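Numbering of the sequence shown is given in UniProt numbering, commencing with residue 1 and proceeding in unit increments.
From the three backbone atoms N, C-alpha and C, an ideal C-beta is built for every residue, glycine too.
Everything numeric in this text was worked out from a predicted model, so none of it was measured.
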Amino acid sequence: MSRGVIQPSQQKLAEKLTILNDRGIGMLTRVYNIKKACGDPKAKPSYLVDKNLESAVKFIVRKFPAVETRNNNQQLAQLQKEKSEILKNLALYYFTFVDVMEFKDHVCELLNTIDACQVFFDITVNFDLTKNYLDLVVTYTTLMIILSRIEERKAIIGLYNYAHEMTHGASQDYFCVMKPPCGRYGNRGAVLCSDREYPRLGQMIVDYENPLKKMMEEFVPHGKSLSDALISLQMVYPRRNLSADQWRNAQLLSLISAPSTMLNPAQSDTMPCEYLSLDAMEKWIVFGFILCHAVLNSDAAALSLWKLALQSSTCLCLFRDEVFHIHKAAEDLFVNIRGYNKRINDIRECKEQALSHAGSMHRERRKFLRSALKELATVLADQPGLLGPKALFVFMALSFARDEIIWLLRHADNIQKKSTDDFIDKHIAELIFYMEELRAHVRKYGPVMQRYYVQYLSGFDAVVLNELVQNLSVCPEDESIIMSSFVNTMTSLSVKQVEDGEVFDFRGMRLDWFRLQAYTSVSKASLGISDHKELGKMMNTIIFHTKMVDSLVEMLVETSDLSIFCFYSRAFEKMFQQCLELPSQSRHSICFPLLCTHFMSCTHELCPEERHHIGDRSLSLCNMFLDEMAKQARNLITDICTEQCTLSDQLLPKHCAKTISQAVNKKSKKATGKKGEPEREKPGVESMRKNRLLVTNLDKLHTALSELCFSINYVPNLVVWEHTFTPREYLTSHLEIRFTKSIVGMTMYNQATQEIAKPSELLTSVRAYMTVLQSIENYVTIDITRVFNNVLLQQTQHLDSHGEPTITSLYTNWYLETLLRQVSNGHIAYFPAMKAFVNLPTENELTFNAEEYSDISEMRSLSELLGPYGMKFLSESLMWHISSQVAELKKLVVENMEVLTQMRTSFDKPDHMAALFKKLTSVDSVLKRMTIIGVILSFRSLAQEALRDVLSCHIPFLVSSVEDFKDHIPRETDMKVAMNVYELSSAAGLPCEIDPALVVALSSQKSENISPEEEYKIACLLMVFVAVSLPTLASNVMSQYSPAIEGHCNNIHCLAKAINQIAAALFTIHKGSIEDRLKEFLALASSSLLKIGQETDKMTTRNRESVYLLLDMIVQESPFLTMDLLESCFPYVLLRNAYHAVYKQSISANA
């Protein structure tokens, strides 16, 4: 059948335009990726950078496309070794270029068909046909321009073809290019080449060295169709390309400017043109009129459109971040055309206009759009029902804003003037944010819009269209069937379908309308759409209404997709940083992570390999943005916490001394002429305001934090490339890390000087910090209690989850290695009367006051900070030190075992005992080690008592229950059961008859080489050793008892606790009778002490009475011994006289 008699429906113009436009975007994606790969030294094919192949590559490029191989074997010899790898690695590149050539052939064929059919184009009538036609022209032009920008294209094609020839052979020693006849593959030329596509491909690469120049020649036959399509924009483009003042005067996008018409549906004769991208129209105009430039000399409307487009921009977006500098390219093309001086002058004038005014014009547009979109988003948030009648406004607003953002993005990256102020917009985030807000409204209230437009289509559009169809004078059968199906489809719609959640699909209807446009736009159509424009405009409106029902997501992508930011990473990150730096804009910073959800929409199925790369980029950018937002919020919170900690510090008791001193001096001093010291500001004065204008640093921090938290709290989560991000979790994570570091930092521990903050001061700071963190829940929906639980619980362990030391480990080390070590060195004593450790006067003053770290308030603060787990770790550490001392004591017992065994049975033989005592070694060491154990146990009792007090406040009922368990254990209870109860009681800070922690620590010392009987004997002899060594304490000048402190300055009063606790633990381990062993100890000790009463040497007995009191302390400390038992061993009159003597000595010493 000849081409002339083919029916319009058989041309399939709609289908071809649809397929070729989609394929064109795919080809652009592939060619773009090749260009980027070749421009990156790391991604460039290795054969293009290999020094060994450099001469061969240069030879191929120089001779391209005809490369003679007969006399150049030496130059191309290196390629022989790599031919298989070249074929493998360059195949994708080579066949992409082949696909471009095939795409070009198909486009040229379709353009010829359209010319032959004399298709009528009018963007306001047959919108889809005109738009797809112009899109195809621009896509084709763009593809050829980007192809020409690949510097290595000749090298890639030539290398691949040479490798192919070397692998598969050729009929000649050279290969050349011949033009195929009629644009089709020919046998001639193909037989001379290794690949049948190479001749035409090579010729295309050569022809399109200057693509626009070549295409200007190509498009001469297509000038009529293209110019008609472009000139139809005269009713649309000038109306869209207005200044901000004109928009403002017209109350553009305002729903509240005319309240009476608020519920009226937004109507227009050119519905799809209202949200058509301005950027796309400018590309159509610029490239279109370059290709059919002759019309500029003959048509005033064309020239007007051309000038207006040239004045609006200095560059156009070709594809992604590839731009086209309009004025230079147009001038270079027109300069060689005779009679185009006027057009060249027009270009130069427009360039000056664009450089001087375009930046400010677009800046003012963005300013207007910020307020307009804010108003629109606010009204729709309050009245989402307005999304029905005013849906057009939403998509117009999104399209306008998207155009302005993209304009700024490409121009800021390609500035052609010295002043850059017009290309730096610190408020761009606000505009993007309101776009995202409108997008969110559309997604959230999609069902509302569906209900509205389903009713609109069935109740109004179907009726009007039916009337139009009935009134048509001529309506061929095919067209009649299609339009009847439109009416039937719309009539069958009902609201119940929306309520039932039915999925709508009007894609077939829209494709049928596209086909109908093609059928009715050809020159010989029975039903010409050019004669029935009202039908075209009505159908365009109906198509928009169908999209509101089934294609809302696609509409959002069409009007507001900003995936282009993926290719402007540096500018994207810079905008984000500017947003965070400006407090008023930080509330909009969430728009940057939200933009990352757009990125995957720029991928194409023809280039699947880039999907992973773009997905990774979107994930990394989203993660970076959310992380930076959380860091910024964390830093603000930290600054607020620091301020609050400073204010809390002012209320500490240590600061009141100066205030008291000033008050006392003020009363006692007489009035003098001299001015006194200025009064110190009292805490709380910062809260007194004289006026509202006074803004403190804390106010600024709170304001900045509330703004940023609004952004973090804006969305509960967002999905990027099938990954879900939760902004609040980023903040929670950073708060946990910072809170952990802050707590440890606030201890102010200095390992060199062994300085550390007092527990009470640390507790005050931590509480101030926690108060601020709790207030964060007012700003953002996070579980701050979870943060406290995670952080504070970790601080009760030796190391946190990151392996860093905690306050538990710091304070445990400090009390053990600093405070208790100084006690052992004799610089500090435990004062039972004060329940604290106190510094003793020494030559070298200590750097800290022990009382300020060990009194009851400090120990309670320590218990609050460390909690039961931390105090348990402290106890275990203390017990480890005790167990090491006991191990040393056992060694001393073993050394003196024979003597001690004899002394154990000879306590009623004074002379024999005296002789045996002289044989003992290391008596002082035993007493010193036992004293150290007593000191450690005394410190532990302080810690346990503080823990009990704290827990009694927090969990009084639970503590009382534990106390009941402990107090009502029958004596005959199995020891394992009893130890479990003791362990529970000890964890609650309750004192126990047998210390479970000490039992566990000493149990670990059992030696495999010593039998249990031998261990038991050593334990018994240890008690004997201590008992017979007590009299030696009387000769120590520091052993004098002080009634004021209820103890001895050398801490020997701690022996009472050590003897009782060690005995209870050892004989529990060895299953002996604790009471019997302590009775034995009491008998030996009293017998030994009674002997020093008979001594006449004053040096030996100088503190005899003070040592006597130890027996009373031992009995009072012990739950197993009684005063009656003591009196049977040691006369009570001696104790009474001893107390009298030490009190008398104390009075005389003080006098």
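Chain-order list of residues whose beta-carbon lies under 8 angstroms from that of residue i (same chain, five-residue window excluded)
| i | result |
| --- | --- |
| Val-49 | Pro-41 |
| Val-1115 | Leu-1082, Leu-1121, Thr-1122, Met-1123, Leu-1125 and Leu-1126 |
For residue j and residue i, the rounded distance between their alpha carbons
| i | j | result |
| --- | --- | --- |
| Leu-580 | His-441 | 25 angstroms |
| Leu-731 | Leu-278 | 40 angstroms |
| Ile-145 | His-293 | 18 angstroms |
| Lys-51 | Val-57 | 10 angstroms |
| Phe-576 | Glu-707 | 15 angstroms |
| Glu-274 | Arg-239 | 9 angstroms |
| Leu-87 | Tyr-160 | 6 angstroms |
| Ala-836 | Asn-778 | 42 angstroms |
| Glu-573 | Ala-518 | 45 angstroms |
| Gly-826 | Val-1028 | 24 angstroms |
| His-954 | Glu-864 | 10 angstroms |
| Leu-110 | Cys-117 | 11 angstroms |
| Asp-422 | Leu-409 | 12 angstroms |
| Leu-147 | Ala-401 | 31 angstroms |
| Ser-961 | Gly-1093 | 49 angstroms |
| Tyr-32 | Val-61 | 21 angstroms |
| Leu-90 | Val-137 | 29 angstroms |
| Ala-525 | His-532 | 12 angstroms |
| Leu-143 | Asp-550 | 32 angstroms |
| Leu-951 | Val-1142 | 39 angstroms |
Residues near residue i in its chain [Cβ-Cβ closer than 7 angstroms; skip 5 each side]
| i | result |
| --- | --- |
| Met-770 | Phe-788 |
| Pro-1131 | none |
| Arg-940 | Ser-875 and Leu-878 |
| Phe-907 | Met-913, Ala-1083, Leu-1084 and Ser-1087 |
Residue i, DSSP secondary structure in three states
| i | result |
| --- | --- |
| Thr-839 | The residue asked about is misnamed: residue 839 is Asn in this sequence, not Thr. Looking at Asn-839 - three-state DSSP - the assignment turns out to be strand. |
| Glu-151 | coil |
| His-222 | coil |
| Val-719 | strand |
| Ala-829 | strand |
| His-954 | helix |
| Thr-724 | strand |
| Ser-1042 | strand |
| Pro-805 | strand |
| Glu-598 | Note that residue 598 is His in the sequence shown here, rather than Glu. DSSP places His-598 in helix when its eight states are reduced to three. |
| His-1048 | strand |
| Leu-819 | helix |
| Leu-810 | helix |
| Leu-799 | strand |
| Gln-885 | helix |
| Ser-742 | helix |
| Gln-585 | coil |
| Met-834 | coil |
| Leu-937 | helix |
Bounding residues of the beta strand (DSSP E) (the contiguous stretch that carries residue i)
| i | result |
| --- | --- |
| Glu-322 | 322-325 |
Proximal residues to residue i (C-beta, below 6 angstroms), its chain only, five neighbours per side dropped
| i | result |
| --- | --- |
| Asp-949 | Arg-860 |
| Ile-482 | Asp-512 and Leu-516 |
| Arg-1136 | none |
| Thr-764 | Ser-648 |
Counterpart residues of residue i in DSSP-defined beta bridges
| i | result |
| --- | --- |
| Asn-750 | Glu-755 |
| Leu-230 | Answer is none; Leu-230 lacks a bridge partner. |
Residue range of the alpha helix (DSSP H) that includes residue i
| i | result |
| --- | --- |
| Cys-315 | Where Cys-315 is concerned, there is no enclosing alpha helix (DSSP H), although the beta strand (DSSP E) it sits in stretches over 315-319. |
| Gln-517 | 507-521 |
| Thr-847 | Segment: none, Thr-847 is in no alpha helix (DSSP H) and carries neither H nor E. |
| Thr-546 | 533-550 |
| Met-629 | 609-649 |
| Asp-382 | 359-382 |
Min CB distance residue i to chain B below 8 angstroms
| i | result |
| --- | --- |
| Lys-891 | Looking at the structure shown, chain B is missing, and only one protein chain is on hand. |
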